[in-house]
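Chains A and B, in that order, are what the protein sequence lines are. In my numbering, each residue carries its 1-based index in the first sequence increased by 62. In my numbering, each residue carries its 1-based index in the second sequence increased by 62. Beta carbons are placed, not taken as given, at the ideal position from N, Cα and C, and that holds for glycine. All figures in this text were calculated on a predicted structure; none of them were measured in a lab.
Number of protein chains: 2
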Amino acid sequence: MTKHQAVQADGSPGVVYRGIVDGLYRGRYVPGQRLVEADLTRDFEVGRGSVREALSRLAAEGLVTMNLHRSAVIRQLSRTEVRDLVALLEVLNGFAARLAAERIDEGANRKQIEDTFSVLMDGEVQRDFLRFARARNTFYRTMVAVGANHELARIMPRTNVDLLRVQFRAYQTVDESARIEDYRAIHDAIVEGAGRKAETAAKAHIRRFGDSIEKLPDAAFSG
Amino acid sequence: MTKHQAVQADGSPGVVYRGIVDGLYRGRYVPGQRLVEADLTRDFEVGRGSVREALSRLAAEGLVTMNLHRSAVIRQLSRTEVRDLVALLEVLNGFAARLAAERIDEGANRKQIEDTFSVLMDGEVQRDFLRFARARNTFYRTMVAVGANHELARIMPRTNVDLLRVQFRAYQTVDESARIEDYRAIHDAIVEGAGRKAETAAKAHIRRFGDSIEKLPDAAFSG
DNA sequence: TATGAAATACATGTCGGACGATCTTGGTGA
DNA sequence: TCACCAAGATCGTCCGACATGTATTTCATA
């Protein structure tokens with residue numbers, strides 16, 4: 063009698079994990095919100111153990127913070143944390159872009175980059191926050207995959223870009239067209255195989271993004 | 063009756079976690095070795111839940127790999143993985159060194175750097191593998207702490223430097239004195255407040271380390 | 001003797017319940 | 001008003017059970 067689990071490909075913790083990340087993007091969860099284990103157990107219909115495992119994975123990635131004997135909370139970045147994160151992302155994305163450029167001629171890399179990029183440039187996609195966010199994530203993920211540095215791939219998801227995105231979604235951070243141009247510059251440098259140039263372009267993009275966030279009012283940040 | 067847990071500062075999972083990392087350095091565990099949950103439960107006298115949590119933390123940091131329905135295994139790096147890791151460390155350590163240099167004049171930073179560095183330079187410490195490993199970890203940790211980028215601090219431990227160290231312990235990788243000189247160069251640049259220089263020195267050190275590892279025989283790697 | 005499939009052993013994935021520890025909150029008395 | 005204590009909320013941890021999947025051994029058969 064399998065009244066018990068109908069194991070997903072990734073298992074129960076994965077269900078919870080993805081459910082929360084997805085809920086974040088959909089606005090079901092917002093930064094600062096508490097995540098009580100018992101509630102999640104009920105909502106996702108899994109054991110508390112699985113919930114706890116999902117939470118600790120999220121905590122490891124910095125998406126939630128777990129305070130001892132107090133419920134987990136969706137993390138809300140302070141000004142300093144955002145600055146730190148952006149500085150780190152500048153370095154990492156620069157590295158990723160450089161690697162991708164250096165390996166653009168191997169296997170199906172070029173095609174993959176161009177395919178995901180073309181989705182990103184689709185006018186219809188750009189108009190839908192959710193679809194665009196997904197397309198952008200895919201593009202970045204492809205960039206990392208093409209770079210083929212497994213350790214970087216292991217580390218990247220643990221930089222809470224998702225959090226950044228969600229936290230500042232309400233604010234029109236960068237002027238749309240400028241952002242698109244940034245992506246194009248990165249893409250062009252990569253397919254051109256120009257490592258140095260790709261690195262610079264990626265870094266510049268992140269820096270611009272950081273600058274625009276600096277200008278936001280305090281209300282956009284935590285404590 | 064508290065026959066139950068005598069909660070450590072960090073809790074049962076922490077005990078297991080530290081026990082394993084420590085066991086790694088002490089040679090109790092070696093790369094490739096299987097970690098059976100039941101055994102760990104017995105050895106550390108904690109519940110299986112705690113063991114599992116410790117294992118997933120270790121897996122998140124890349125120290126062990128967990129295959130579905132098969133026991134966890136202490137990770138053994140292949141040549142490619144080592145190359146990838148070294149390349150990433152070069153970027154990250156360079157970043158850390160630069161930040162540290164830029165902030166050397168704030169608070170007690172200078173003193174902290176010099177203190178931990180002097181331990182590293184102690185002749186007696188250098189002769190003891192375990193003590194030296196600890197001193198080096200402390201120095202790097204201090205460097206990151208001084209740099210004061212919280213996100214970097216969050217990411218760094220997740221780069222399995224420990225694994226690198228242990229896996230190649232048997233081989234005399236770099237000539238001792240050269241290595242010491244590298245550290246000195248990094249230190250000097252940092253206390254000098256020369257960000258660029260510190261970054262270059264740190265990167266150069268990692269690259270030299272990587273080069274020396276490239277020369278090792280296949281037996282030192284997995285698959 | 002070689003071989004392939006079934007039976008078995010082993011270990012993990014997940015659930016549910018239980019209980020102590022600790023933080024928060026709200027009420028109570030000086 | 002304020003220190004203090006009781007109650008509630010939640011987490012940290014342990015235990016036992018069973019399903020699920022992998023590895024190994026056994027054994028009938030060619």
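CB of residue i within 8 Å of CB of residue j, strictly
i, j, result
"N222(B)", "E123(B)", "yes"
"S140(A)", "G285(A)", "yes"
"V78(A)", "V113(A)", "yes"
"E261(A)", "A159(A)", "yes"
"Q138(A)", "Q229(A)", "yes"
"A264(A)", "G156(A)", "yes"
"D224(A)", "V83(A)", "yes"
"R218(A)", "L154(A)", "Going by the sequence as given, residue 218(A) is Met instead of Arg. Cβ distance < 8 Å, so M218(A) and L154(A) count as in contact."
"I242(B)", "I175(B)", "no"
"S118(A)", "E164(B)", "no"
"L214(A)", "R198(A)", "no"
"L102(B)", "I136(B)", "no"
"F179(A)", "H249(A)", "yes"
"F201(B)", "R231(B)", "no"
"Y245(B)", "L278(B)", "no"
"R220(B)", "R220(A)", "yes"
8 Å Cβ cut-off: residues of chain A touching residue i
i, result
"E143(B)", "H212, E213"
"S118(B)", "E115, S118, R119"
"R269(B)", "What R269(B) touches in chain A: nothing, since even the nearest Cβ is about 14 Å away."
Which of helix, strand or coil DSSP assigns to residue i
i, result
"A98(B)", "As written in the sequence, residue 98(B) is Val, which differs from the Ala given in the question. Looking at V98(B) - three-state DSSP - the assignment turns out to be coil, as it is neither helix nor strand."
"M183(A)", "helix"
"T200(A)", "helix"
"I136(B)", "strand"
"T127(B)", "strand"
"V69(B)", "Low per-residue confidence applies at V69(B): pLDDT is 48, beneath 50, and the placement is therefore not dependable, though the value from the model is reported in the following sentence. Residue state, collapsed to three classes: coil."
Under 7 Å from the C-beta of residue i: neighbouring residues of chain A
i, result
"L149(B)", "Contrary to the premise, residue 149(B) reads as Ala rather than Leu in this sequence. Neighbours of A149(B) on chain A, chain order: N211."
"F283(B)", "Under the 7 Å cutoff, chain A gives no residues; its nearest Cβ is about 14 Å from F283(B)."
Residue-chain proximity (residue i, chain A), Cβ-Cβ < 8 Å
i, result
"V153(B)", "yes"
"A122(B)", "yes"
"D146(B)", "yes"
"I242(B)", "no"
Closer than 7 Å at the beta carbon, the chain B residues around residue i
i, result
"I136(A)", "Near I136(A) there are no residues of chain B at all, since even the closest Cβ is about 16 Å away, more than 7 Å."
Chain B contact for residue i (CB, 8 Å cutoff)
i, result
"F157(A)", "yes"
Contact list for residue i against chain A, beta-carbon separation under 9 Å
i, result
"G111(B)", "G111, R114"
"R227(B)", "Within chain A, no residue comes near R227(B); the closest Cβ sits about 15 Å away, beyond 9 Å."
"D273(B)", "The premise fails here: D273(B) is roughly 18 Å from chain A at the closest Cβ pair, so nothing lies under 9 Å."
Within chain B, partners of residue i - CB distance below 8 Å
i, result
"T221(A)", "E213, I217"
Proximity test, residue i beta-carbon vs the ligand ATP heavy atom, cut-off 7 Å
i, result
"A251(B)", "Ligands are entirely absent from the displayed structure, and the ligand ATP is therefore not among its contents."
- Does the segment 108-117 of chain B come close enough to the segment 141-149 of chain B to have 3 or more Cβ pairs within less than 8 Å? no
- Is the number of C-beta pairs between the segment 202-211 of chain B and the segment 270-277 of chain B that are closer than 8 Å three or more? no
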